[in-house]
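Just so you know, the protein sequences line up as chains A and B, in that order. Numbering that gives the first Met the number 0 applies: residue 0 is where the first sequence begins, and numbers increase by one. Numbering that gives the first Met the number 0 applies: residue 0 is where the second sequence begins, and numbers increase by one. By construction, the Cβ of each residue, glycine as well, lies at the ideal position given by its N, Cα and C atoms.
Protein chains: 2
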Amino acid sequence: MTASLKAIDGSADLPVLMNDLARSARAAARALAVAPTAQKNRALAAMERAIRAGTPAILAANAEDVAEVRSNGATSAFIDRLTLTEARVHAMADGIRVIHDIADPVGAVTESWQRPNGMTIERVRVPLGVVAVIFESRPNVAADAGVLCLKSGNAVILRGGSDSFRSCRAIHECLVQGLREAGLPEAAITLVPTRDRAAVGLLLTGLNGGVDVIVPRGGKSLVARVEAEARVPVFAHLEGVNHTYIDHAAKLDMAKSIVLNAKMRRPGVCGATETLLIDRAVAGTHLKPLVEMLIDAGCEVRGDAAVQQADARVKPATDEDWDTEYEDAIISARVVDGVDDALAHIRDHGSHHTDAIVTEDVAVAAKFLNEVDSAIVLHNASTQFADGGEFGFGAEIGIATGKFHARGPVGAEQLTSFKYRIHGTGQTRP
Amino acid sequence: MTASLKAIDGSADLPVLMNDLARSARAAARALAVAPTAQKNRALAAMERAIRAGTPAILAANAEDVAEVRSNGATSAFIDRLTLTEARVHAMADGIRVIHDIADPVGAVTESWQRPNGMTIERVRVPLGVVAVIFESRPNVAADAGVLCLKSGNAVILRGGSDSFRSCRAIHECLVQGLREAGLPEAAITLVPTRDRAAVGLLLTGLNGGVDVIVPRGGKSLVARVEAEARVPVFAHLEGVNHTYIDHAAKLDMAKSIVLNAKMRRPGVCGATETLLIDRAVAGTHLKPLVEMLIDAGCEVRGDAAVQQADARVKPATDEDWDTEYEDAIISARVVDGVDDALAHIRDHGSHHTDAIVTEDVAVAAKFLNEVDSAIVLHNASTQFADGGEFGFGAEIGIATGKFHARGPVGAEQLTSFKYRIHGTGQTRP
Chain A
0 MTASLKAIDG SADLPVLMND LARSARAAAR ALAVAPTAQK NRALAAMERA IRAGTPAILA
60 ANAEDVAEVR SNGATSAFID RLTLTEARVH AMADGIRVIH DIADPVGAVT ESWQRPNGMT
120 IERVRVPLGV VAVIFESRPN VAADAGVLCL KSGNAVILRG GSDSFRSCRA IHECLVQGLR
180 EAGLPEAAIT LVPTRDRAAV GLLLTGLNGG VDVIVPRGGK SLVARVEAEA RVPVFAHLEG
240 VNHTYIDHAA KLDMAKSIVL NAKMRRPGVC GATETLLIDR AVAGTHLKPL VEMLIDAGCE
300 VRGDAAVQQA DARVKPATDE DWDTEYEDAI ISARVVDGVD DALAHIRDHG SHHTDAIVTE
360 DVAVAAKFLN EVDSAIVLHN ASTQFADGGE FGFGAEIGIA TGKFHARGPV GAEQLTSFKY
420 RIHGTGQTRP
Chain B
0 MTASLKAIDG SADLPVLMND LARSARAAAR ALAVAPTAQK NRALAAMERA IRAGTPAILA
60 ANAEDVAEVR SNGATSAFID RLTLTEARVH AMADGIRVIH DIADPVGAVT ESWQRPNGMT
120 IERVRVPLGV VAVIFESRPN VAADAGVLCL KSGNAVILRG GSDSFRSCRA IHECLVQGLR
180 EAGLPEAAIT LVPTRDRAAV GLLLTGLNGG VDVIVPRGGK SLVARVEAEA RVPVFAHLEG
240 VNHTYIDHAA KLDMAKSIVL NAKMRRPGVC GATETLLIDR AVAGTHLKPL VEMLIDAGCE
300 VRGDAAVQQA DARVKPATDE DWDTEYEDAI ISARVVDGVD DALAHIRDHG SHHTDAIVTE
360 DVAVAAKFLN EVDSAIVLHN ASTQFADGGE FGFGAEIGIA TGKFHARGPV GAEQLTSFKY
420 RIHGTGQTRP
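Pasting the structure below:
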């Protein structure tokens, strides 16, 4: 195995290889753009079967990847992200089934109207073209991203972390089998067939127009590199420095259950609340119970002076805390002077991802939802709902924190563009 | 006047000045994002009045600009683009009235649904933020772009060609008067207050996050520079190498009126047809009448061998012709072998702008509209309908030929993004 990997590593002809891949992907994208829904779904069904049938081969390839990183001294968290189990492979197959079942966005007419001269104008969804997905150690992204791009009519070039190369290759073989069975071009889902890290830099150039958009899936350093270097559009998922604001008119019980869920359900997801803001008007009644609840649940609380007074176990927050995505059982907490002060804090420290208010005052809620400039704003609900599945999108390729094209959960629809289709009867412009 | 211009030219502190402008624009954008429709419309009505009342001052400033470029030996076409007349100033005011009257896109709920857990999710239009518009000699763009950005809740930084600086400044003063009368921040519409060309380069850097999107309005070299250098998203309007394909099932009369209009109504607009493709199946009956009609109307025809045989006045087309946007009374023409050959030609030579088919065969029309990868595809209508006004958008800031975010005519709606607004009753994620 090592020998066969070496043969495709560190190739001197990497730019040639990558440009060839992009050209094949472009040709596949043209075919996919006009492929009927039934044909794409046949491929998806075949992929699901191939993944289930290929579970032993996927697990064997994964075991080799895991053995290699273990011998190189990887952390247990890293090994956990890389490791596949039978359950994880089956979850991958289940995910393909979900994508099979969602509506095909391509060809959907989202608006149509008639002009006074009798012409009809339709706005129709079309695929974007060639999507490059750059990810890190989690091999399941190869399946998740591959099938979501396929459903939305896009060709995809997958580039996983070199540590998960064998796992991705085994998964990719199952996806290609599905394409083959449905008569779709194999280049519709391409895995960069080398561990050479220079391939990422080449993808970021856009390969002379061969790549239409780049989706980074990974940690901050990967996303930051992609944003800084990419010469084509990026659907970037920046960090989620998310806030839950407990307003003067918040019910304590609701505040407690929302805050506990928003932070502690899964502290490491991007929709987790990182900062708790409490209106001074209810600090006397709400602050202590909320802080105690969090600490008792195993959460470290880093607070301003007022929050520190509520419980002796609170640690002092530094300036840095307000800008930190902990991705862990840690929360920063501050008392603010009403909704305007909360809005100012979020404007100065938020990351335009997801922010929530807990209040019974509908006017304050409307103000908060209107003025917070984040992809997702919630009233009386947990920030952990920031997820394509929870939105009903079936699946997502990430949460976009920019405002261009996609924003929030990037599902199949967000992976499309549109065109205007006009039907006339000989109209000319006066 | 020259002295006062000099004072703000070539400033050593240009980066400081530009960053200050961007910071003020950002603050204005925050205010605009939550400004009620009525307030924005009050500003627009006041701007219209100010432009009408300020016509003499605008014309006087314009006369100075024109005198300067004339003494520098500008071409008559350049002088024509720069020159304002009373009629052109009134057209500018009329354009502001149109924008006043269109619907406010901000706050519009484009989708809403309820989740099984009772939460409602709304997708709501929000402004993009700060738009930088970089344009060339036509001073009316200052008004057109300024008011369209205002209506869509965005702050705008306008940077016109240095030759039109005095004209733009006079127009800008009227716009600012409107903002002032309505109590909106003056920085909502900012004109870069210097002719220093280095200002463009600074805008293209995005001014440290101060600019969210750049809209170039001008010729190919400007657009190419912006696309190559910009470090923020660009709504680029590339050239319109547009095709009209005359299918085997085209009625000759309809083909003639559409082709004549598509090329000759205004040969210089971006929606003009540049290449005529004729199905070999009807070349015997349709080619000669179409070519004669065009030449008789004053259009130069550059054709392949078959087209040259149709009329002795046809000039031979070179390889370059198929990729050329003439913006003039010139057309290239080719005989193709049916719709597949037409699609291949458009794929190889088109610019993803606007393409039309003339046919009575609905299946062929559907295939053409489905497979041509252009922002606007038309069946039995003139390509010159590629215009925001003709779409019913009221106005546009350009035609986007990319697939990201905006595509086709960029009107008020395309200058917005969206957010997800979620209302719950205490929901937490299982």
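Whether residue i touches residue j by CB criterion (7 angstroms)
| i | j | result |
| --- | --- | --- |
| Ala341 (chain A) | Val334 (chain A) | no |
| Ala374 (chain B) | Thr415 (chain B) | no |
| Val233 (chain A) | Val240 (chain A) | no |
| Val371 (chain B) | Ala332 (chain B) | no |
| Leu276 (chain B) | Ala309 (chain B) | no |
| Ser136 (chain B) | Arg87 (chain B) | no |
| Ile101 (chain B) | Val155 (chain B) | no |
| Ala131 (chain B) | Val210 (chain B) | yes |
| Ala282 (chain A) | His247 (chain A) | no |
| Val395 (chain B) | Pro104 (chain B) | Reading the sequence as shown, one finds Glu at residue 395 (chain B) and not Val. Against a cut-off of 7 angstroms, the Cβ pair of Pro104 (chain B) and Glu395 (chain B) comes out as no contact. |
| Ala365 (chain A) | Thr358 (chain A) | no |
| Phe403 (chain A) | His236 (chain B) | no |
| Ser166 (chain B) | Asp64 (chain B) | yes |
| Arg408 (chain B) | Gly387 (chain B) | Before going further, note that residue 408 (chain B) is Pro rather than Arg in the sequence given. It is a contact, given that the beta carbons lie within the stated cut-off. |
CB contact check: residue i to chain A, cutoff 7 angstroms
| i | result |
| --- | --- |
| Ile170 (chain B) | no |
| Val108 (chain B) | no |
| Gln307 (chain B) | no |
| Thr458 (chain B) | Nothing about residue 458 (chain B) can be reported from this structure: the residues present for chain B run from 0 to 429 only. |
| Gly407 (chain B) | yes |
| Lys5 (chain B) | With a pLDDT of 45 at Lys5 (chain B), under the threshold of 50, the predicted position of this residue should be treated as unreliable, and no value is reported. |
Minimum Cβ-Cβ distance from residue i to chain B less than 7 angstroms
| i | result |
| --- | --- |
| Lys150 (chain A) | no |
| Pro348 (chain A) | Per the sequence shown, the amino acid found at residue 348 (chain A) is His instead of Pro. Answer no: the Cβ-Cβ gap between His348 (chain A) and chain B never drops below 7 angstroms. |
| Tyr419 (chain A) | yes |
| Lys287 (chain A) | no |
| Val424 (chain A) | Note that residue 424 (chain A) corresponds to Thr in the displayed sequence, not to Val. Thr424 (chain A) counts as touching chain B. |
| Arg264 (chain A) | yes |
| Asn260 (chain A) | yes |
| Lys255 (chain A) | no |
| Met118 (chain A) | yes |
| Ala2 (chain A) | Confidence at Ala2 (chain A) is low in this model, with a pLDDT of 39, below 50, so the placement of that residue should be treated as unreliable; the coordinate-derived value is given next. No, its Cβ sits nowhere closer than 7 angstroms to a Cβ of chain B. |
| Ser416 (chain A) | yes |
For residue i, the residue or residues it bridges with in DSSP
| i | result |
| --- | --- |
| Asp354 (chain B) | B:His242, B:Val376 |
| Phe134 (chain A) | A:Arg216 |
| Trp112 (chain B) | B:Ile120 |
| Pro430 (chain A) | Summary: the structure shown does not reach residue 430 (chain A), with chain A confined to residues 0 through 429, and so no result is reported for it. |
| Leu157 (chain A) | A:Val132, A:Leu190 |
| Lys314 (chain A) | A:Arg301 |
| Tyr419 (chain B) | A:Ile375, B:Arg122 |
| Pro408 (chain B) | B:Ile398 |
| Gln426 (chain B) | A:Ala380 |
| Ala62 (chain B) | Per DSSP, none; premise fails for Ala62 (chain B). |
| Ala332 (chain B) | B:Leu275, B:Gly302 |
- Item | Interface positions of the stretch 29–48 of chain A facing chain B (Cβ-Cβ less than 9 angstroms), listed along the chain | Arg29, Ala32, Val33
- Message: Is it the case that the stretch 40–58 of chain B contacts the stretch 164–177 of chain B, given that we only count it when at least three CB pairs across the two stretches are under 8 angstroms?
- Response: yes
- Task: Say whether the stretch 241–252 of chain A touches the stretch 344–357 of chain A, bearing in mind that this needs 3 or more beta-carbon pairs closer than 8 angstroms, one atom from each stretch.
- Result: yes
- So does the stretch 104–118 of chain A actually touch the stretch 417–426 of chain A, counting three or more Cβ pairs closer than 8 angstroms? yes
- Residues within the stretch 127–138 of chain A neighbouring chain B, beta-carbon criterion of under 9 angstroms: Leu127, Gly128
- Task: Would you check if the stretch 94–110 of chain A and the stretch 189–204 of chain A touch, i.e. whether three or more CB-CB distances between them fall below 8 angstroms?
- Result: no
- Query: Between the stretch 143–159 of chain B and the stretch 26–33 of chain B, are three or more C-beta pairs nearer than 8 angstroms?
  - Reply: yes
- Scan the stretch 386–405 of chain B for residues whose Cβ lies nearer than 7 angstroms to a Cβ of chain A and list them as they occur along the chain. Glu389, Phe390, Gly391, Lys402, Phe403, His404
- Task: Select from the stretch 227–241 of chain B all residues with a C-beta closer than 7 angstroms to any C-beta belonging to chain A, and list them in chain order.
- Result: Pro232
- Taking a cut of 8 angstroms between CB atoms, which residues from the stretch 367–384 of chain A lie near chain B? Leu368, Asn369, Glu370, Asp372, Ser373, Ala374, Ile375, Val376, Leu377, His378, Asn379, Ala380, Ser381, Gln383, Phe384
- Output, in sequence order along the chain, the residues in the stretch 188–218 of chain B whose CB is closer than 9 angstroms to any CB in chain A. Asp211, Val212
- Item | Within 9 angstroms of chain B by C-beta, residues of the stretch 314–347 of chain A in sequence order | Arg346
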